[in-house]
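Participant:
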Amino acid sequence: MTPDPRASKLCLSCGREITWRKKWAANWEQVRYCSERCRRAPPSDSGVALESTILALLENRARGASICPSEAARAVFDAAQWRREMENTRRAARRLVAAGKLEIIQNGHVVDLSRAKGPIRLRLR
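Read left to right, the sequence shown gives residues -10 to 114 (the working numbering).
1. So, using beta-carbon positions, are residue 42 and residue 15 closer together than 7 Å?
2. Ignoring anything shorter than 4 residues or poking outside the stretch 35 to 84, list the alpha helix (DSSP H) runs there in chain order.
3. Between which two residues does the alpha helix (DSSP H) holding residue 25 run?
4. By Cβ distance, which residues of its chain are closer than 7 Å to residue 55, with the 5 residues on each side in sequence left out?
5. Quick one: residues in its chain with C-beta nearer than 8 Å to the C-beta of residue 90, no 5 flanking neighbours on either side, listed in chain order?
6. By the DSSP assignment, the beta strand (DSSP E) with residue 110 in it spans what residues?
7. Relative to the C-alpha of residue 19, which candidate in 36, 30, 1 and 33 has its C-alpha closest?
Quick look at the structure:
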């Protein structure tokens, strides 16, 4: 049975959307990662720490408040390293969105982080 070509799922590593491709018709149920890079680099310990830090920072804020992803990166990494870890922070945020725990906000509207460009904010769902 061929899955619906419009079907999609989320990458377990980065949280980006994976859209169905004809070459995956025989094994669509086993597809878990969007790329070879994601397959080789599942979430690390620092990625898990980022997820829990993001949630902790948001739980300590007023209801509906948001944080900048850099706040979580600064809380987990030292001053010399946090900027290099921003992509890992965004990946952690995408995984939390996929889990239904977080929303990505840009200009006051919920956006898809896979397609968002520029500054974003994170808030609890």
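Built from N, CA and C at the ideal position, the CB exists for glycine as well.
These numbers were taken from a predicted model, which means no experiment stands behind them.
Facilitator: Taking the geometry as given:
1. no
2. 58 to 65
3. 25 to 29
4. 94, 110, 111 and 112
5. 44, 113 and 114
6. 110 to 113
7. 1
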